[in-house]
Amino acid sequence: MTRNIKILWIVFIGVVLVVGGSIGIGAYFLFKSGVTRPFDNMFGDQYLKSAVALVELHKVRYGRYPDALEDLQFLGKWDDIVLDAVEYCANPDGTQYYLEVRRGWIGKPELSPPPQFWQGTGFNKSLGPCQ
């Protein structure tokens with residue numbers, strides 16, 4: 000009886016490894032194919048605009064940009080998704096910041112907002128990428 004159980008466990012583990020590996024390989028090639036690019040860009044664009052709005056609102060309220068995104072207050076439940084998808088850092092005196100979207104839907108989006116998008120903000124590309 001114990002020999003049968005061992006065989007069943009070996010078969011089970013083998014099936015799990017084959018199925019898991021197949022899913023992983025399939026996901027890798029799906030991602031690499033670029034099929035997610037439109038969704039990465041769509042989500043990334045929304046994340047960029049939402050994160051900039053939250054950072055700029057902080058500046059209006061407190062007179063300086065937050066040192067870190069964790070300093071933002073009065074966030075909604077969905078804002079955590081946005082903030083997890085971006086990289087942010089501010090200069091030491093809180094007058095400028097760098098913000099970049101690291102993840103869209105699945106992968107890194109390709110975003111190129113027009114220069115007018117940043118007009119009136121404290122964004123400074125030379126501060127990034129953050130360390």
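Here numbering that gives the first Met the number 0 is used: position 32 in the sequence shown is 31, and no number is missing along the way. In this text, a Cβ means the ideal position worked out from N, Cα and C, and glycines have one as well.
Trp104 versus Leu74, Asn3, Phe42, residue with shortest Cα-Cα distance
Phe42
Pick from Glu55, Gly106, Thr35 that is closest to Gln118, judged by C-alpha positions:
Glu55
DSSP three-state assignment for Glu109, whether helix, strand or coil:
coil
Looking at the strands, I want to know which residues DSSP matches up with Cys88.
Tyr97
Can you tell which of Pro91, Arg101, Tyr96, Gly93 has its C-alpha closest to the C-alpha of Leu82?
Arg101
Euclidean distance between Cα positions of Leu53 and Phe122
13 Å
Where does Asn40 land, buried or exposed, given buried means 16+ other C-beta within 10 angstroms?
buried
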